[in-house]
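Engineer: So that we are looking at the same thing, I have put the structure below in structure tokens.
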Ligand code: PMP
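In this note's numbering, the protein residues as written are 12 to 414.
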């Protein structure tokens, strides 16, 4: 028998399967609302002007080379990323109790955190609680790292808003000291975020139960267009005295997707545990990737450290988040105008890259097979895939299958 004959077939990845189907469809009417990547009003990927400028500067720099970064990553990036996520006035940074390691984008930050937590979590049998639903990779990452994964209620499937009572009850009823994965903003796949007062309630229950927060922050600046507002929850928890981990991605907010640029931040109780924590995070990272990717890190650091480029970056994030918001409203307005059965306000009220439309699996399949419109089976659309050229067609198609 073949050495690998007992290897079971892994379940297919929904998103990857969808992009294969979409790529194979050459119908001119096709609309890809699957992939979570920003598109401009012509449906094209957008290289941010500040990224072009940073690339030009790197290309013109005679000192530029392709040497390895250090194990912790590019200090110019990790320092700037810390300030971006925790705020320039963060007491935790001033007290030198934060360690930041550069990672392979947000996914790598999740994985390093998952392995680290599995080795050092207290109690040792703590489970990891993820929202129902969540980014498909969360379960896979935390189970691969050896955790038991459980779910807490999050989406109210009737209103397509937050089930705050269910969420608080599940966190309250969990044993003390569990690890809780929270989306810092722009929840994937639902686009449903807690309000500031709901975050305070979540923090209250987590403190009462001694749960450990792990924030996944893949969309800072992409939700509201304001990097500080999108970091509200993280900063609230730090202010409340929680120790926590934060996975940060520059894929979406800087459009660096394939350059794999991100960081993992560990906010510790006090400066004296930082050497222990940093040594273990460095060791784990060394064992898996040795050193992080240099090119995207140099681009991101250039943008974050140059005051003029930084300001220009904020404007681009505002532009992306505004275009997405405009498309949400446009889709809602068209469905209302068509008299499409059901309520569509949730499309407008949700935030970030995605909308959880509430379309059923059957409707999703019909949209794909008869209308060349691609979205994930759970009815999630990437709102960035909508534009002024396809919005009427998308609304009409949804209207047809809902009737
Ligand atoms: N977490 C969440 C919730 C995400 O939506 C994503 C992007 N799809 C990621 C992490 C990681 O993305 P990346 O590895 O490209 O930074």
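Note that the Cβ used here is the ideal one computed from N, Cα and C, for glycine as well.
1. Take every Cβ of the region 119 to 128, pair it with every Cβ of the region 341 to 356, and state whether three or more of those distances are shorter than 8 Å.
2. Who does residue 434 pair with in a DSSP beta bridge?
3. Do you know how far the Cα of residue 303 is from the Cα of residue 229?
4. Sorry if obvious, but does the Cβ on residue 276 come closer than 7 Å to a heavy atom of the ligand PMP?
5. Give a yes or no on whether the C-beta atoms belonging to residue 25 and residue 365 are separated by under 8 Å.
6. Would you call residue 381 buried or exposed, if buried means 16 or more other Cβ atoms sit within 10 Å of its Cβ?
7. Specify the secondary structure class of residue 209 as computed by DSSP and reduced to three states.
8. Determine contact between the region 305 to 317 and the region 264 to 275, defined as no fewer than three beta-carbon pairs at a distance below 8 Å.
9. Quick check: what's the CA-CA separation for residue 6 versus residue 400?
10. In three-state DSSP terms, what is residue 73?
11. By Cβ distance, which residues of its chain are closer than 7 Å to residue 60, with the 5 residues on each side in sequence left out?
12. Would DSSP call residue 253 helix, strand or coil?
13. Is there at least one non-hydrogen atom of the ligand PMP closer than 7 Å to the beta-carbon of residue 229?
14. Just to confirm my understanding: we take residue 312, look at its own chain, exclude 5 residues before and 5 after, and list those with CB closer than 8 Å. What are they?
15. Would residue 153 pass as a contact of residue 139 if the rule is Cβ separation under 8 Å?
16. Say the cut is 7 Å; is the CB of residue 376 nearer than that to a heavy atom of the ligand PMP?
17. From residue 220 to residue 259, what does the alpha carbon distance come to, in whole angstroms?
18. Please report the residue range of the beta strand (DSSP E) in which residue 124 lies.
19. Report yes if the CB atom of residue 241 is closer than 8 Å to the CB atom of residue 195, and no otherwise.
20. Taking contact to mean at least 3 C-beta pairs separated by less than 8 Å, is the region 38 to 54 in contact with the region 377 to 391?
Structural biologist: The short version:
1. Below 8 Å, too few C-beta pairs join the region 119 to 128 and the region 341 to 356 to call them touching: fewer than three.
2. Given a span of 12 to 414 for the chain in the structure shown, any question on residue 434 remains unanswerable.
3. Numbered from its first residue, the chain shown carries residue 229 at position 218. Numbered from its first residue, the chain shown carries residue 303 at position 292. Residue 229 and residue 303 have their C-alpha atoms roughly 18 Å apart.
4. Here residue 276 is taken as the residue at index 265 of the chain shown, counted from 1. Every heavy atom of the ligand PMP is 7 Å or more from the Cβ of residue 276, so no.
5. For the purposes of this step, residue 25 is taken as residue 14 along the chain shown, with counting starting at 1. For the purposes of this step, residue 365 is taken as residue 354 along the chain shown, with counting starting at 1. Not in contact: residue 25 and residue 365 (Cβ atoms no closer than 8 Å).
6. Numbered from 1 along the chain shown, position 370 holds the residue referred to as residue 381. Under this definition residue 381 is an exposed residue.
7. If you number the chain shown from 1, residue 209 lands on position 198. Correct three-state label for residue 209: helix.
8. Yes, the region 305 to 317 is in contact with the region 264 to 275.
9. Residue numbering for the chain in the displayed model covers 12 to 414; residue 6 lies beyond these limits and cannot be assessed.
10. As a working mapping, residue 73 is identified with position 62 in the chain shown. Reduced to three states, the DSSP call for residue 73 is coil.
11. Numbered from its first residue, the chain shown carries residue 60 at position 49. Only 323 and 327 meet the Cβ criterion.
12. Here the question's residue 253 lines up with position 242 in the chain shown. Coil at residue 253, not helix or strand.
13. The residue labelled residue 229 in the question sits at position 218 within the chain shown. Result yes, Cβ under 7 Å from the ligand PMP.
14. Numbered from its first residue, the chain shown carries residue 312 at position 301. Take residue 312, set aside five residues on each side of it, and the residues of its chain with a beta-carbon closer than 8 Å to its own are 85, 87, 88 and 91, in chain order.
15. Here the question's residue 153 lines up with position 142 in the chain shown. Here the question's residue 139 lines up with position 128 in the chain shown. Their beta carbons are under 8 Å apart, which means residue 153 touches residue 139 by this criterion.
16. Along the chain shown, one-based indexing puts residue 376 at 365. With a cut-off of 7 Å, the C-beta of residue 376 is classified as distant from the ligand PMP, since no heavy atom of the ligand falls inside that distance.
17. For this step, residue 220 is matched to residue 209 along the chain shown. For this step, residue 259 is matched to residue 248 along the chain shown. Distance between the alpha carbons of residue 220 and residue 259 is about 26 Å.
18. The residue labelled residue 124 in the question sits at position 113 within the chain shown. No beta strand (DSSP E) contains residue 124, which is instead part of the alpha helix (DSSP H) from 116 to 131.
19. The count along the chain shown starts at 1 and reaches residue 241 at position 230. The count along the chain shown starts at 1 and reaches residue 195 at position 184. The answer is yes: Cβ separation under 8 Å.
20. Yes, since at least three Cβ pairs between the region 38 to 54 and the region 377 to 391 fall closer than 8 Å, the two stretches touch.
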